[in-house]
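Visitor: Residue numbers (my numbering): 322 to 470.
Where a beta carbon is used, it is the ideal one built from N, C-alpha and C, also for glycine.
Quick caveat, the model's predicted, so the values are computed rather than measured.
Pasting a structure here, questions to come.
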């Protein structure tokens, strides 16, 4: 049974796609649902393992590109050969990433409020001297995960 949050997510995804003259197809909906239920950014091989109706691999690549263009999905670069994908923060919540430099795994991370406030202060002031207005920020901590330690 779909919840109000599920419905809002799909409305937001459809709206983003309409803004780039694209439709919210069944395949794109499946990708949004897979990413919505994930606890971390997923690589394409991980997405392919989880897809419910069988989508061709080429369709997954193509649809992720369209969803990214529409601002529905965000690409997360790791330290291995796989790019990972997650729903855009506009559709979820603000967070950062812990990236393993050995295996490339990426985990979501929400820093303590005082660190987030400090980064926000730096974001709003750092560009003033060079005429740059930073709209938002991303913070990735790169190190070694528990499995690789």
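Report the residue ranges of all beta strand (DSSP E) runs contained in full by the region 365-415; include only those spanning at least 3 residues, in chain order.
Guide: Residue ranges of uninterrupted beta strand (DSSP E) with 3 or more members, entirely inside the region 365-415 and ordered along the chain, are 394-397 and 405-408.
Visitor: Touch check for the region 383-395 and the region 403-419: three-plus C-beta pairs under 8 Å?
Guide: yes
Visitor: Check whether the region 421-431 touches the region 458-468, taking contact to mean three or more Cβ pairs, one atom from each stretch, closer than 8 Å.
Guide: yes
Visitor: Would you tell me roughly how many angstroms separate the C-alpha atoms of residue 341 and residue 470, rounded to the nearest one?
Guide: For this step, residue 341 is matched to residue 20 along the chain shown. For this step, residue 470 is matched to residue 149 along the chain shown. Cα to Cα, residue 341 sits roughly 43 Å from residue 470.
Visitor: Using three-state DSSP, classify residue 341 as helix, strand or coil.
Guide: Residue numbering aside, residue 341 sits at position 20 when the chain shown is read from its first letter. Reduced to three states, the DSSP call for residue 341 is coil.
Visitor: Can you tell me whether residue 382 is buried or exposed? The criterion is at least 16 other CB atoms within 10 Å of its CB, across all chains shown.
Guide: Within the chain shown, residue 382 is the residue found at index 61, counting from 1. Per the 10 Å Cβ criterion, exposed.
Visitor: Can you have a look at residue 391 and say buried or exposed, based on whether 16 or more other CB atoms are within 10 angstroms of its CB?
Guide: Within the chain shown, the letter at position 70 stands for residue 391. Residue 391 should be labelled buried.
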